[in-house]
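Residue numbers (my numbering): 2 to 252.
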């Protein structure tokens, strides 16, 4: 009898495909799986580093949406919350906020900041894309810098999360690297798999975001407005901002 030769035919589900495609990228460039938590913990350990988004103020676009009444208090989710600046702002503006990050170090720092500010935020440490971690629906899903750290195939996972937790009639808003700003890779998606790296994050055009979130209604899509370090909001010109609305289905 001939012995069967192992073929490693391990693909049986979409999750298996996603895991396989994750492994096509260099392990030292992983910023999105649970294994990346150690990298992000190291990143957030030194709080004195001159990292712009270590600031204690919200994104200018987020504050603008609230100030103009485009967003009103409800249940909010901050994806990839880091040290918690946007989550704390939303809580201070009357939102009921859940905030999630891969890094335990970031979540600990964010919790300390929230207590100092007297803000009530429920911080969660874990992979936002793990089923069961996040319990929607949310009236607002806010992402400041998560999307551009995902490889192309994980946009499917991202969209699935958004479809699952964003309430009908709710809003989705994000900031991400913009093309043409010398920050963020502009390589085509297929080239990233040949290269095996994300090069610090991916840059997007307005039309990229319109295509990715085509089923949502665009409210505003523009470059982030630059603000000096002394301003009470965060604004850097190499970021792209977007606000979308999820229509309520009609029968």
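Cβ atoms here follow ideal geometry from the backbone N, Cα and C, with glycine treated the same way.
Could you work out which residue in the options is closest to residue i when comparing CA atoms only?
i	options	result
residue 227	53, 76, 15 and 108	53
residue 210	182, 173, 195 and 251	173
residue 221	83, 11, 14 and 71	71
residue 95	131, 103, 79 and 73	73
residue 39	188, 171 and 102	102
residue 181	92, 67 and 240	240
residue 208	219, 198 and 199	219
residue 229	242, 56, 81 and 243	56
residue 127	142, 109 and 104	104
residue 24	45, 194 and 201	194
residue 75	48, 19 and 93	93
residue 217	148, 250 and 66	250
residue 253	13, 21, 33 and 20	With the chain represented from 2 up to 252, any question about residue 253 goes unanswered, as that position is not in the structure.
residue 152	28, 236 and 108	28
residue 150	165, 163, 77 and 198	198
residue 146	80, 224, 244 and 31	80
Where does residue i land, buried or exposed, given buried means 16+ other C-beta within 10 angstroms?
i	result
residue 232	exposed
residue 86	buried
residue 238	exposed
residue 61	buried
residue 89	buried
residue 215	exposed
residue 247	buried
residue 84	buried
residue 65	buried
residue 59	buried
Does DSSP put residue i in a helix, a strand or coil?
i	result
residue 117	helix
residue 162	helix
residue 133	coil
residue 202	coil
residue 111	helix
residue 17	helix
Along the chain, where does the alpha helix (DSSP H) containing residue i start, and where does it finish?
i	result
residue 126	No alpha helix (DSSP H) contains residue 126, which is instead part of the beta strand (DSSP E) from 122-126.
What residue range is occupied by the uninterrupted beta strand (DSSP E) comprising residue i?
i	result
residue 145	139-145
residue 98	97-102
residue 79	76-80
residue 153	Taken as a continuous stretch (DSSP letters only), residue 153 belongs to no beta strand (DSSP E), as it is neither H nor E.
residue 245	240-246
May I ask whether a heavy atom of the ligand FAD can be found less than 6 Å away from the beta carbon of residue i?
i	result
residue 91	Within the structure as shown, the ligand FAD is missing, as the structure has no ligands at all.
Practice problem: Check whether the region 113-127 touches the region 156-168, taking contact to mean three or more Cβ pairs, one atom from each stretch, closer than 8 Å. | Solution: no
Quiz item: Do the region 130-141 and the region 161-180 make contact, defined as three or more Cβ pairs closer than 8 Å?
Solution: yes
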